[in-house]
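Under my numbering, read the sequence shown as residues 40 to 204, first letter to last.
Built from N, CA and C at the ideal position, the CB exists for glycine as well.
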Amino acid sequence: MLMVHAGVLPQWDLALTLELAHEVEQALRGPNWQTCMAQLSQPTPARWHHGLSRDERLGMIAHTLTRIRFCNPEGGLEFNAKGGPDAALPGYLPWFDVPGRRTAELTVVFGHWAALGLLLRDNLCALDSGCVWGKQLSAITLNAEPSKRTLTQVACSITSGSLPG
């Protein structure tokens with residue numbers, strides 16, 4: 040299983056995803072972590088490739104792992120579309136539906152996409168069910184056997200002034 044904040048590029052397999060996440064972790068733990076944080080807030084290239092500069096690479100990794108929703112089969116990212124899967128721009132798909140996704144054999148557990156809502160498939164657990172918007176908070180007891188997973192949900196309430204940003 041792979042647990043990630045938002046998702047992974049379909050072109051990344053488990054080993055590469057872990058390697059790339061470690062690369063960002065090391066940069067953030069290093070002596071220049073403040074510079075790294077500032078660089079991570081900069082715009083990222085629209086497409087992953089191995090020729091990216093160090094700063095572009097770190098930004099692309101961090102943005103992908105924490106913000107990805109839509110991409111195209113060639114690895115092009117689209118960070119501006121909001122909403123559910125029907126909000127994808129032409130040629131873009133939810134990252135987990137791209138044909139040939141290299142993590143398809145794993146169960147990927149992720150959140151970050153309240154508009155998607157709870158989505159459970161044998162190899163996919165999208166757990167952001169909109170608690171921040173007054174919907175539900177979801178948790179799942181993970182098991183390699185999908186039929187043995189247990190979903191728990193509790194209602195969330197929001198009060199005036201409690202929404203972020």
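query	result
Delimiting residues of the beta strand (DSSP E) encompassing V147	147 to 149
For R108 and W87, believed in contact at Cβ under 8 angstroms, the rounded distance	W87 to R108, Cβ: 15 angstroms. No contact.
G114 versus Q50: straight-line alpha-carbon distance, rounded	7 angstroms
Sub-9 angstroms separation of L163 and V147 beta-carbons	yes
Best match in T189, K174, W172, G173 for proximity to T180 [C-alpha to C-alpha]	T189
Sub-9 angstroms separation of F118 and T83 beta-carbons	yes
L79 - DSSP class collapsed to helix/strand/coil	helix
Cβ-based burial, N182 [other Cβ within 10 Å; buried from 16]	exposed
Candidates L104, A153, V63, of which the one nearest G173 by Cα	A153
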